[in-house]
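As given, the protein sequences belong to chains W and R, one line each in that order.
Residue numbers 44 to 355, in my numbering, belong to the letters of the first sequence in order.
Residue numbers 613 to 904, in my numbering, belong to the letters of the second sequence in order.
The beta carbon of each residue, even a glycine, is placed where N, CA and C say it ideally should be.
Report on the following structure.
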Amino acid sequence: MFENLQEKLQRAFKNLRGQGTVSEENISEALREIRLALLESDVNLNVTKDLIEHIREKALGQQVATALSPTEQVIKIIHGELVELLGRDTARFKFASQPPSVILMAGLQGSGKTTTTGKLAQWLKKGGHRPMLVSVDVYRPAAREQLAVVAKSIGTQLYTGNVGADEAGTPLVLRLAKEAKRDAANFGCDILLVDTAGRLGIDEELMGEMSELKKLLNPSEILFVADAMTGQDAVNSAKAFHDRLGITGVVLTKMDGDARGGAALSIRQVTGAPVKFIGTGEKPDAFEPFHPDRIVSRIMGMGDIATLLERA
Amino acid sequence: TRTRENLSAQLDQALSFTRTVDESDLEDLEAILLTADIGLSTTTEIIGRLRERAKREGIESGSALKNLLKQEIKSILDDVQRVVRPPSTPPEVILMVGVNGTGKTTTSGKLAAFFQSQNRSTLLCAADTFRAAAIEQLEVWSQRSGVPVIKTRQGGDPSAALFDALDAAKKRETQVVLVDTAGRLHTKAGLMAELDKMRRIAQKFVAGAPHQVFLVIDATTGQNGLQQARLFTESAGVTGIVLTKLDGTAKGGIVVAIAHELKLPVVFCGIGEKMDDLLQFDSAAFVEGLFN
Ligand SMILES: Nc1nc2c(ncn2[C@@H]2O[C@H](COP(=O)(O)OP(=O)(O)OP(=O)(O)O)[C@@H](O)[C@H]2O)c(=O)[nH]1
Ligand SMILES: Nc1nc2c(ncn2[C@@H]2O[C@H](COP(=O)(O)OP(=O)(O)OP(=O)(O)O)[C@@H](O)[C@H]2O)c(=O)[nH]1
Ligand SMILES: [Mg+2]
Ligand SMILES: [Mg+2]
Numbered sequence: 044m045f046e047n048l049q050e051k052l053q054r055a056f057k058n059l060r061g062q063g064t065v066s067e068e069n070i071s072e073a074l075r076e077i078r079l080a081l082l083e084s085d086v087n088l089n090v091t092k093d094l095i096e097h098i099r100e101k102a103l104g105q106q107v108a109t110a111l112s113p114t115e116q117v118i119k120i121i122h123g124e125l126v127e128l129l130g131r132d133t134a135r136f137k138f139a140s141q142p143p144s145v146i147l148m149a150g151l152q153g154s155g156k157t158t159t160t161g162k163l164a165q166w167l168k169k170g171g172h173r174p175m176l177v178s179v180d181v182y183r184p185a186a187r188e189q190l191a192v193v194a195k196s197i198g199t200q201l202y203t204g205n206v207g208a209d210e211a212g213t214p215l216v217l218r219l220a221k222e223a224k225r226d227a228a229n230f231g232c233d234i235l236l237v238d239t240a241g242r243l244g245i246d247e248e249l250m251g252e253m254s255e256l257k258k259l260l261n262p263s264e265i266l267f268v269a270d271a272m273t274g275q276d277a278v279n280s281a282k283a284f285h286d287r288l289g290i291t292g293v294v295l296t297k298m299d300g301d302a303r304g305g306a307a308l309s310i311r312q313v314t315g316a317p318v319k320f321i322g323t324g325e326k327p328d329a330f331e332p333f334h335p336d337r338i339v340s341r342i343m344g345m346g347d348i349a350t351l352l353e354r355a
Numbered sequence: 613t614r615t616r617e618n619l620s621a622q623l624d625q626a627l628s629f630t631r632t633v634d635e636s637d638l639e640d641l642e643a644i645l646l647t648a649d650i651g652l653s654t655t656t657e658i659i660g661r662l663r664e665r666a667k668r669e670g671i672e673s674g675s676a677l678k679n680l681l682k683q684e685i686k687s688i689l690d691d692v693q694r695v696v697r698p699p700s701t702p703p704e705v706i707l708m709v710g711v712n713g714t715g716k717t718t719t720s721g722k723l724a725a726f727f728q729s730q731n732r733s734t735l736l737c738a739a740d741t742f743r744a745a746a747i748e749q750l751e752v753w754s755q756r757s758g759v760p761v762i763k764t765r766q767g768g769d770p771s772a773a774l775f776d777a778l779d780a781a782k783k784r785e786t787q788v789v790l791v792d793t794a795g796r797l798h799t800k801a802g803l804m805a806e807l808d809k810m811r812r813i814a815q816k817f818v819a820g821a822p823h824q825v826f827l828v829i830d831a832t833t834g835q836n837g838l839q840q841a842r843l844f845t846e847s848a849g850v851t852g853i854v855l856t857k858l859d860g861t862a863k864g865g866i867v868v869a870i871a872h873e874l875k876l877p878v879v880f881c882g883i884g885e886k887m888d889d890l891l892q893f894d895s896a897a898f899v900e901g902l903f904n
């Protein structure tokens with residue numbers, strides 16, 4: 044469906060042959076194409092503007108080397124900028140020095156927190172850990188049942204607790220979290236994954252609950268679970284969660300679709316937090332560590348850019 | 613939101629001081645549309661039209677320009693609205709479809725309460741047999757709204773649940789059947805074919821069914837929403853959009869692109885997680901929201 048960026052750039056540079064350097068004129072058409080590609084991929088408008096400025100600076104006056112065409116040179120620059128923004132390496136997962144390590148899942152409604160909680164537990168189990176799950180979503184209909192079904196399907200410990208006693212709200216949420224952490228320690232589970240209710244960054248009350256959870260649990264990871272289909276608003280929600288909680292990483296879900304996932308760049312830019320994992324399906328094993336390189340290729344609509352650029 | 617507030621505030625200031633429309637005003641307006649997820653292609657077209665009209669109509673002030681822009685967007689949304697009448701022989705069958713996590717189940721619950729409040733007897737059908745506890749989730753909405761639900765077991769055939777619901781609706785002379793389906797990505801051919809199958813079963817059992825197919829789109833959705841609308845329309849025959857989560861900071865501008873390119877109207881909006889957090893779509897209010 045999409046014409047890839049390489050083809051578009053080739054068009055932009057078709058008049059270039061023979062000239063020694065990439066001129067302002069050549070580059071502006073190429074930059075228009077790059078801007079289009081970034082916006083179509085849902086990279087935030089301001090983030091796009093910054094990127095375009097950087098790319099312009101780097102591209103201007105570059106010598107046309109013999110090995111690389113101008114198109115390839117510009118691709119190399121874009122690739123470099125995007126990878127630099129996302130962080131070159133796959134990020135590490137942090138554990139507490141004293142078990143159980145607590146992992147707090149956070150995010151907007153429907154982003155994939157509960158599903159990801161199960162996936163992450165499965166991944167940790169494969170890594171030799173003994174995770175326990177707890178849902179403190181006492182608001183959404185059947186949210187806790189959903190996590191119970193997930194826990195059962197992957198054969199993980201689940202702290203259920205008793206919710207009948209108190210009214211749904213922050214005190215109940217904090218009690219459940221506290222009990223679960225104690226229970227994890229008692230059962231010899233080295234990790235407690237805490238699934239929380241979806242909430243808006245502007246929901247004062249529920250964001251307050253989130254910071255109380257953080258205070259209570261002292262989590263080693265606070266993961267912001269974000270939908271890969273998110274558009275321009277990604278910067279607002281990510282910033283709201285980050286300002287309040289100091290997120291330690293991002294999980295980008297629903298990457299099995301055809302969304303370009305430009306939100307990853309926006310989120311990274313406003314929070315500085317690395318994307319640690321991606322979700323690639325609804326089943327517990329559709330989950331993998333994040334490789335910056337791949338999403339960059341995806342945003343540019345191109346296959347293996349690294350190989351293409353190896354000639355450089 | 614801060615960036616957006618600044619943008620809008622700056623713009624108002626700039627516009628109130630300029631006497632003639634210039635390119636920088638248009639650029640500022642373009643930024644607002646792009647930030648609202650309307651997308652580059654629809655935005656470019658709207659701004660192009662605005663530039664022409666401003667010239668032709670001799671628009672002098674910035675605020676007049678902004679009003680003109682609002683009119684442009686509103687007419688894109690209004691032009692695709694359709695008059696929908698319930699079928700002469702009930703039940704009216706409404707299929708809720710969409711990608712994962714947009715709000716199908718929640719909206720089914722809200723709509724059940726809405727139709728009930730209009731004195732139209734309603735039945736919910738739990739045709740998401742795939743996702744963990746999806747049936748239990750709809751059952752809670754059934755209790756909340758007082759609208760009965762027809763279900764099968766988890767892992768069962770969604771078409772069987774649909775069949776049972778239509779059968780029950782006929783026997784009970786129910787007026788509206790709301791079918792909650794499992795979330796699915798539009799790129800998954802097998803799952804999209806399942807929707808097509810459900811549509812054919814509905815058609816076979818109730819003439820003209822499904823009468824409405826609502827594509828539920830999350831207001832935070834970016835440019836992918838257009839592709840969702842395209843492919844769900846192909847497989848499921850979407851008749852209208854429900855735009856959820858408008859209570860957040862996202863503007864949901866992708867529906868403007870969808871109206872513009874695919875001629876699909878927005879029918880309802882979700883503005884929260886409670887039962888009455890549902891509005892019939894109001895294009896004027898929506899357009900105002902884009903600029904706040
Ligand atoms: N295709 C696909 N679907 C996913 C992925 N991750 C989650 N989902 C689906 O997205 C929907 C929402 O997932 P949940 O885990 O319930 O999301 P949540 O954030 O817990 O939702 P709330 O608790 O209601 O805020 C479900 O249908 C999941 O199956 C993914 O990586 N790919
Ligand atoms: N703030 C807000 N949240 C909403 C709205 N509509 C739905 N939600 C929430 O979004 C999340 C997902 O809603 P669901 O109704 O489970 O979505 P779904 O499309 O049925 O999800 P799947 O069946 O897993 O594909 C839940 O936490 C809902 O409470 C809305 O209008 N505003
Ligand atoms: Mg959940
Ligand atoms: Mg559902």
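With a threshold of 8 Å (Cβ to nearest heavy atom), would residue i be considered close to ligand 4?
i       : result
K716(R) : yes
L152(W) : Looking at the sequence shown, residue 152(W) is not Leu but Gln. No.
R743(R) : yes
D830(R) : no
D792(R) : yes
Taking the alpha helix (DSSP H) that residue i belongs to, which residues open and close that run?
i       : result
S196(W) : 186-197
F726(R) : 716-729
D690(R) : 674-691
Q892(R) : No alpha helix (DSSP H) contains Q892(R), which is instead part of the beta strand (DSSP E) from 890-892.
E642(R) : 635-647
M804(R) : 801-817
T213(W) : 213-229
P174(W) : Looking at the DSSP string, P174(W) is not in any alpha helix (DSSP H); the run it does join, the beta strand (DSSP E), is 174-178.
F284(W) : 277-288
Between which two residues does the beta strand (DSSP E) holding residue i run?
i       : result
K763(R) : 761-763
M708(R) : 704-709
Q824(R) : 824-830
M148(W) : 144-149
K319(W) : 318-322
P332(W) : 330-332
Say the cut is 8 Å; is the CB of residue i nearer than that to a heavy atom of ligand 3?
i       : result
L260(W) : no
G795(R) : no
L256(W) : no
K156(W) : yes
D740(R) : no
A373(W) : Outside the modelled stretch of chain W, which goes from 44 to 355, sits residue 373(W), for which no answer is possible.
Taking 9 Å as the threshold (C-beta atoms), are residue j and residue i in contact?
i       : j       : result
A164(W) : L266(W) : no
R173(W) : Q141(W) : no
T314(W) : F333(W) : no
G153(W) : T701(R) : no
S178(W) : T159(W) : no
K162(W) : G322(W) : yes
L646(R) : L82(W)  : yes
T861(R) : S66(W)  : no
R864(R) : T833(R) : The sequence shown places Gly at residue 864(R), not Arg. Their beta carbons are under 9 Å apart, which means G864(R) touches T833(R) by this criterion.
V711(R) : G300(W) : yes
Report the CB separation of residue i from residue j in whole angstroms; it is logged as a contact under 8 Å.
i       : j       : result
A307(W) : V318(W) : 5 Å
V791(R) : M887(R) : At roughly 19 Å, the Cβ-Cβ gap does not stay under 8 Å, so V791(R) and M887(R) are not in contact.
I866(R) : G344(W) : Going by Cβ atoms, the distance from I866(R) to G344(W) rounds to 20 Å, so no, they are not a contact pair.
Is residue i near ligand 2, judged by its Cβ being under 8 Å from some heavy atom?
i       : result
Q749(R) : yes
I866(R) : no
G241(W) : yes
D859(R) : yes
A746(R) : yes
G660(R) : no
Cβ of residue i within 8 Å of any heavy atom in ligand 1?
i       : result
A277(W) : no
A836(R) : Looking at the sequence itself, residue 836(R) is Asn, so the reference to Ala does not match. No - ligand 1 has no heavy atom lying nearer than 8 Å to the Cβ of N836(R).
D238(W) : yes
V318(W) : no
Q693(R) : no
T323(W) : yes
Quick check on the DSSP output: what are the complete alpha helix (DSSP H) runs of length 4 or more inside the stretch 237-275 of chain W, in order along the chain?
247-260
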